[in-house]
Amino acid sequence: MIGLDVEVDRILEIACIITDGNLTKSIEGPDLVIHQSQECLDRMGEWCQDHHAASGLTKKVLHSTISEREAEKQVIEFVKKHVGTYTPLLAGNSVYMDFLFLKKYMPDLASLFSHVLVDVSSVKALCIRWYPRDQKKAPSKENKHRAMDDIRESIMELKYYRENIFKPRSKK
1 MIGLDVEVDR ILEIACIITD GNLTKSIEGP DLVIHQSQEC LDRMGEWCQD
51 HHAASGLTKK VLHSTISERE AEKQVIEFVK KHVGTYTPLL AGNSVYMDFL
101 FLKKYMPDLA SLFSHVLVDV SSVKALCIRW YPRDQKKAPS KENKHRAMDD
151 IRESIMELKY YRENIFKPRS KK
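The opening residue of the sequence shown carries number 1 in full-length UniProt numbering; numbering runs sequentially from there.
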């Protein structure tokens, strides 16, 4: 995204990984850079300009031939192919912002997901407060701020919480 204002900012890239409920199996899906105009990119704030230029995303966005609509279509096809009749949950760090942008710019894709979101940032916030020693051992992030990298990091982080904090009860 070029910013966090859903009314004026736009989606720059989209990626998708489908996992099972235990995070033991995953299928990587589309990883797409979406074309936006130079005018659109010029509206980015300083943080986005710096990070997206450093990662090469800004240049890739300008050269991309994939529209928001085409990206939405490809991700819908992937999701439908792999989830069947199950209603998938959207998950990630601060994923509510992603969901707002999907609802605004990719409404057909957004409609596939449950209203229940798995926000890894919220889980992290609780773990910092409730399990501070365990939280310090959580995997560190590379902060590349690219869609597929962010998804992989969110999955790794959630796996850590599942295996180290949300431990299954021992059988009696």
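Note that beta-carbon positions come from the ideal geometry of N, C-alpha and C, so glycine has one too. Remember, it's a predicted structure, so these values are computed and weren't measured experimentally.
Item to check | Exposure of THR58, with buried meaning 16 or more beta-carbon neighbours within 10 Å | outcome: buried
Checklist entry - Beta-carbon separation of ILE18 and HIS115 under 7 Å? => result no
Next on the checklist: If contact is defined by three or more beta carbon pairs under 8 Å, each pair taking one atom from either stretch, is the stretch 65-74 in contact with the stretch 29-41?
Outcome noted: yes
Checklist entry - What is the rounded straight-line gap between the Cα of LEU23 and the Cα of ILE155? => result 7 Å
Checklist entry - Tell me which same chain residues have a C-beta within less than 7 Å of the C-beta of PHE101, skipping the five on either side of it? => result MET1, VAL6, ILE11
Checklist entry - Under a Cβ-count criterion, where at least 16 other Cβ atoms within 10 Å of its own Cβ denotes burial, should ASN93 be classed as buried or exposed? => result buried
Next on the checklist: Is the beta carbon of LYS137 closer than 7 Å to that of GLU153?
Outcome noted: no
Item to check | Nearest candidate by alpha-carbon position, reference GLY3, set ASP119, GLU28, ASP50 | outcome: ASP50
Checklist entry - Can you tell me the Cα-Cα spacing of LYS103 and LEU112, whole angstroms? => result 10 Å
Item to check | Cα-Cα separation, ASP150 to ARG169 | outcome: 30 Å
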